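What follows is a set of notes on a single structure, which appears directly below.
Structure follows, in structure tokens:
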């Protein structure tokens, strides 16, 4: 397919999105990530039944916390797609990239630089 | 177990905003099971607080520790060597842990990070419900193992009130009538004689009405 998607996205592979915890998402922001999105299987297709549903709830929890502390809940997002759906993967990557660029860098990163 | 619920982060921020070093202290027991104050919640709260204050341009050092329990001297002693490094502690144990911390470490302010709710069970993940009010003189033997003190809104001891409709309590259609549950259970156990027996006036002096309570067991004391 040779699809293009933004180069500034770092992929972290997990055995199932059910492995992803609120803490992982928050730590990513604490370490300077500008945005975090979790890409799971289609709802109803989870090999472990509810891994992707749990992931969605955790992303939502993280988004609430990010809103509360002034980082912006829109920086965290859950997506679902089938493993064979390359074009959609590229589309979501571009969508997230655009959104984060509109929001600007993670304020934590700037604050850490200023504090140093 | 003791069931607690998380306090809003904003409330905790307000408590510690003037401090320079803060310890977020979790507990490995009940509050871990009800996902309000265990190691994971310590990590989430500490991370959120660090990011908030950094974003505000405030330099506050926020550390994380989770003790086995906060209601026993031996575990609280584990932080004696480090407690002086902190201007404040946010304890996300139950109210018991917060108070025992405060009793033990006089010069360090201790703030509660959870709201302690009740003694209850995990009906399913994410749903905890009350089962016991620790009234100090248990009557479950005669009520089919279902407690009217904790589950009846009026704490009635001799059958339901007039507000019991279709097995539900008048305070909410979602709340079971405790006495309906008791009668159903006694019928299943073929022990309806227990229902006919008039319960005597309960001695509430063992409940909170008698003031702070104490269990003094000389037989197990060193």
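Residue numbers (the numbering used here), protein chains in the order written: chain A, 60 to 175; chain B, 4 to 225.
Don't be surprised by glycine CBs; every beta carbon is placed ideally from N, CA and C.
Just so it is clear, the structure is predicted and the values come from calculations on it, not from any experiment.
TODO: Leaving aside the five residues before and after residue 98(B) along the sequence, list all residues of the same chain whose C-beta is less than 7 Å from its C-beta, in chain order.
DONE: Excluding positions up to five away in sequence, the list reads 115 and 119.
Open item on the list: Using the three-state DSSP reduction, which class does residue 175(B) fall into: helix, strand or coil?
Closed with: For residue 175(B), the secondary structure class from DSSP, reduced to helix, strand or coil, is strand.
Task: Within chain B, the residues that residue 76(A) reaches when beta carbons sit closer than 8 Å - done: Per Cβ cutoff of 8 Å: no residues; residue 76(A) is ~17 Å from chain B at best.
Task: Close Cβ partners of residue 139(B) (< 7 Å) along its chain, the five nearest in sequence each way excluded - done: Within its own chain, the residues whose Cβ lies closer than 7 Å to the Cβ of residue 139(B), once the five positions on either side in sequence are excluded, are 209, 210 and 216, listed in chain order.
- [ ] Compare the C-beta of residue 4(B) with all C-beta atoms of chain A and state if any pair is closer than 8 Å.
- [x] No Cβ of chain A is located within less than 8 Å of the beta carbon of residue 4(B).
Open item on the list: Please tell me whether residue 96(A) and residue 153(A) are closer than 8 Å, where the distance is taken between their beta carbons.
Closed with: Note that the C-beta distance between residue 96(A) and residue 153(A) is not below 8 Å.
- [ ] Below 7 Å between beta carbons is the criterion; list the residues of the stretch 44-68 of chain B that meet it against any residue of chain A, in chain order.
- [x] Within the stretch 44-68 of chain B, those residues whose Cβ lies closer than 7 Å to any Cβ of chain A are, in chain order, 46, 47, 50, 51, 53, 54, 55, 57, 58, 60 and 62.
- [ ] Would you mind telling me which residues of chain B sit closer than 9 Å to residue 129(A), beta carbon to beta carbon, in chain order?
- [x] Result: 54, 55, 58 and 59.
Open item on the list: By the three-class DSSP mapping on this structure, what secondary structure does residue 115(B) have?
Closed with: Correct three-state label for residue 115(B): strand.
- [ ] Enumerate in chain order the residues of its own chain whose CB-to-CB distance from residue 99(A) is below 6 Å, with the five nearest sequence positions on each side excluded.
- [x] Cβ within range, chain order: 76, 111, 114 and 139.
Open item on the list: By the 8 Å beta-carbon criterion, what residues does the stretch 148-165 of chain A contribute toward chain B?
Closed with: Answer in chain order: no residues at all.
Open item on the list: For residue 108(A) and residue 44(B), what's the separation of their Cα atoms in angstroms?
Closed with: So the alpha carbons of these two residues sit roughly 25 Å apart.
Task: Per DSSP, the bridge partner or partners of residue 5(B) - done: Answer by DSSP bridge pairing, in chain order: 122(B).
Open item on the list: Taking the alpha-carbon of residue 155(B) as reference, which of 12(B), 59(B) and 136(B) has the nearest alpha-carbon?
Closed with: Per the Cα distances, 136(B).
TODO: Along the alpha helix (DSSP H) that carries residue 168(A), what are the first and last residues, could you check?
DONE: Start and end: 166-174.
TODO: Using a Cβ-Cβ cut-off of less than 7 Å, list which residues of the stretch 11-45 of chain B approach chain A; keep chain order.
DONE: The stretch 11-45 of chain B vs chain A, Cβ under 7 Å: 12, 13 and 43.
Open item on the list: Counting only Cβ pairs nearer than 8 Å, list the residues of chain B close to residue 89(A).
Closed with: Among the residues of chain B, those whose CB is under 8 Å from the CB of residue 89(A) are 50, 53 and 54, following chain order.
Task: the stretch 49-58 of chain B in contact with the stretch 32-39 of chain B per 3-pair CB rule at 8 Å - done: Flag = no, the stretch 49-58 of chain B and the stretch 32-39 of chain B do not touch.
Task: DSSP-derived helix/strand/coil call for residue 184(B) - done: Helix at residue 184(B).
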